[in-house]
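Offset between the sequence shown (1-based) and the numbering used here: plus 422.
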Amino acid sequence: MVVQNLSENVSTLYKENVFKTIKVFDREMNLLYDSGQTPLKNPKNVLEPILSGEAETDGLIVQIEKTMQLMEINGHQKSKSYKDLVIKYKSLKEIF
Numbered sequence: 423m424v425v426q427n428l429s430e431n432v433s434t435l436y437k438e439n440v441f442k443t444i445k446v447f448d449r450e451m452n453l454l455y456d457s458g459q460t461p462l463k464n465p466k467n468v469l470e471p472i473l474s475g476e477a478e479t480d481g482l483i484v485q486i487e488k489t490m491q492l493m494e495i496n497g498h499q500k501s502k503s504y505k506d507l508v509i510k511y512k513s514l515k516e517i518f
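Quick look at the structure:
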């Protein structure tokens, strides 16, 4: 029940600007969404494919690449989040 409404509830919080920043992590504490990095992207668009099981590896890799590009544009290459993302990206690329 909670998972069924999660993406819609987070979307409502995003649209209403209830929080300054919204971050979504998976169980392994991998950052899936950060409104500070992608303020114009509704978190619902990230959550729904994951929660429904429709997320494809290729789509995730493309999303990681875009996130890394945004982080580079914004000068976050030295941040721990960026470095962790690069490591995870390289691991995924080796597997797939």
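Beta carbons are placed, not taken as given, at the ideal position from N, Cα and C, and that holds for glycine.
Keep in mind it's a predicted model, so treat the numbers as computed, not measured.
Cut-off 7 Å between Cβ atoms - residues of its own chain near Leu-469, not counting five sequence neighbours on either side: If we look at Leu-469 and ignore the five residues flanking it on each side, its Cβ neighbours are Leu-428, Ser-429, Val-432 and Val-446.
Sorted by chain position, which residues of the same chain lie with C-beta nearer than 8 Å to Asn-406's C-beta, five sequence neighbours on each side aside? Nothing in the structure corresponds to residue 406, since the chain is present only between 423 and 518.
Would you kindly work out how many angstroms separate the C-alpha atoms of Lys-466 and Ser-474, rounded to a whole number? Approximately 12 Å between the Cα atoms of the pair.
Could you check the C-alpha separation between Lys-488 and Pro-471 for me, to the nearest Å? Across the structure, Lys-488 and Pro-471 are spaced so that their CA atoms are roughly 17 Å apart.
With respect to the beta strand (DSSP E) encompassing Leu-453, which residues constitute its N-terminal and C-terminal limits? For Leu-453, the enclosing beta strand (DSSP E) has its first and last residue at 453–456.
With a cut-off of 8 Å on the beta carbons, I'd call Ile-486 and Tyr-504 a contact; round off their distance for me. By a beta-carbon distance limit of 8 Å, Ile-486 does not contact Tyr-504. Their separation comes to about 11 Å.
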